[in-house]
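**Student:** My questions will all concern the structure given below.
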Amino acid sequence: MSTRKQAAQPAAGASAAKALKDWPLWEVFVRSKQGLEHKHCGSLHAADATHALQMARDVYTRRQEGVSIWVVPSHLISA
80 MSTRKQAAQP AAGASAAKAL KDWPLWEVFV RSKQGLEHKH CGSLHAADAT HALQMARDVY
140 TRRQEGVSIW VVPSHLISA
């Protein structure tokens, strides 16, 4: 019985990872306590802007080093 559970877990994890990649990509910008400007610090997949902001706080400001966070859909950025 435990063999069946172990075999099912990777499949469930793989489908969760695929669902995560189906979410839009967001770019994350953080302003540090000493800085005057926001700096790009990474990207993440999230369902919407609120979710992206929550995830960005968890991932990029764990030690309270950021005072402001921006999340922007990747497709809206051009250079």
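Heads up: take any position in the sequence shown, counting from 1, add 79, and you land on the numbering used here.
Every residue gets a Cβ at the ideal spot worked out from N, C-alpha and C, and that includes glycine.
Please classify His-62: does DSSP put it in a helix, a strand, or coil?
**Tutor:** The first residue shown for the chain is 80 and the last is 158, placing residue 62 beyond what the model contains.
**Student:** Suppose the cutoff is 6 angstroms on Cβ atoms and the five residues either side in sequence are ignored; what does the same chain contact list for Lys-112 look like?
**Tutor:** Val-146
**Student:** When the distance is taken between beta carbons, is Val-150 closer than 9 angstroms to Glu-106?
**Tutor:** yes
**Student:** Where Leu-132 and Lys-118 are concerned, what is the direct C-alpha to C-alpha distance, given to the nearest angstrom?
**Tutor:** 15 angstroms
**Student:** What residue does the beta strand (DSSP E) around Leu-104 start on, and which one ends it?
**Tutor:** 104-111
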